[in-house]
Amino acid sequence: MLHFLSHCSSRDAGFHVDDAEVTLNVCLGIDFFGGDLFFRGIRCDKHVNTETQPEEILDYSHVPGQAVLHRGRHRHGARPTTSGHRINMLLWCRSSLFREMKKYQKDFSSWCGECQREKKERQSQSVAATKLAFFKAGGGSNT
């Protein structure tokens, strides 16, 4: 699907994810200021509105003639253009095979930032509980 998007000074593209597996955003505008993109981590449907972690914050300033390629599930938005006229060409790439496979997949921990964080937290709690049980059983003594 090919879509041309023009951002004028009063418009911005609020925080969202694309209905695509991959998005190509090509900056075609020549004389503009503002309109920067901001990215805030990749999420599955379950976690799309969760809090952004500091390591997930990425800001990008458009450069005419250059493109940004990103996962559609990468939460992002565009800030308002402050002057001039910014024109972007967006190409949303969708995969019917990926979408069909996603119906049967329950664990997104390999690509969702929040699933990864939750998995690490569960592992950490499990290790802590195992250590505590080991020391309570006397396994931690030097006798």
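Mapping the sequence shown onto full-length UniProt numbering, position 118 (from 1) lands on 118, and the numbers just tick up by one. Ideal placement from N, C-alpha and C gives every residue a C-beta, glycine not left out.
Would you identify the three-state DSSP class for residue i, choosing helix, strand or coil?
| i | result |
| --- | --- |
| L28 | coil |
| C115 | helix |
| S110 | coil |
| T81 | strand |
| R75 | strand |
| F134 | helix |
| V127 | helix |
Please classify residue i as buried or exposed, where buried requires at least 16 other C-beta atoms within 10 Å of its C-beta.
| i | result |
| --- | --- |
| G138 | exposed |
| residue 145 | Outside the shown range of the chain, which is 1 to 143, sits residue 145, and nothing can be said about it. |
| residue 157 | Because the chain is modelled from 1 through 143, residue 157 falls outside the range shown and cannot be assessed. |
| residue 201 | The first residue shown for the chain is 1 and the last is 143, placing residue 201 beyond what the model contains. |
| F135 | exposed |
For residue i, collect the residues of the same chain with a Cβ closer than 8 Å to its Cβ; drop the 5 residues on either side in sequence, then sort them by chain order.
| i | result |
| --- | --- |
| K131 | none |
| V17 | R43, V48, G72, R73, H74, R75 and H76 |
| D19 | G72, W92 and R94 |
| Q53 | G41, G113 and R117 |
Give the single residue among the options whose Cα lies nearest to the Cα of residue i.
| i | options | result |
| --- | --- | --- |
| H62 | T52, T50, G72 and T81 | T81 |
| G34 | F108, I87 and R122 | I87 |
| R99 | E21, H85 and K106 | E21 |
| K106 | Y60, R79, D45 and R94 | D45 |
| Y60 | Q53, K103, T52 and F39 | F39 |
Sort out for me which residues DSSP pairs residue i with in a bridge.
| i | result |
| --- | --- |
| Y104 | In the DSSP output, where bridge partners are listed per residue, Y104 has none listed. |
| C44 | Answer is none; C44 lacks a bridge partner. |
| V68 | N25 |
| G34 | T81 |
| D59 | F38 |
Can residue i be considered in contact with the ligand SAH, in the sense that its beta carbon sits closer than 7 Å to one or more heavy atoms?
| i | result |
| --- | --- |
| R117 | For the structure depicted, the ligand SAH is absent and the ligand set is empty, with no information on it obtainable. |
Cutting at 6 Å between CB atoms, please list the residues of its own chain near residue i, excluding the five before and the five after it.
| i | result |
| --- | --- |
| L69 | L24 |
| W15 | It should be noted that the sequence gives Phe, not Trp, for residue 15. So the list reads G77, once near-sequence residues are dropped. |
Can you list, in chain order, the residues of its chain with a C-beta nearer than 7 Å to that of residue i? Leave out the 5 residues immediately preceding and following it.
| i | result |
| --- | --- |
| Q109 | Checking the sequence shown, residue 109 turns out to be Ser, not Gln. Same-chain partners within the cutoff: C115, Q116 and K119. |
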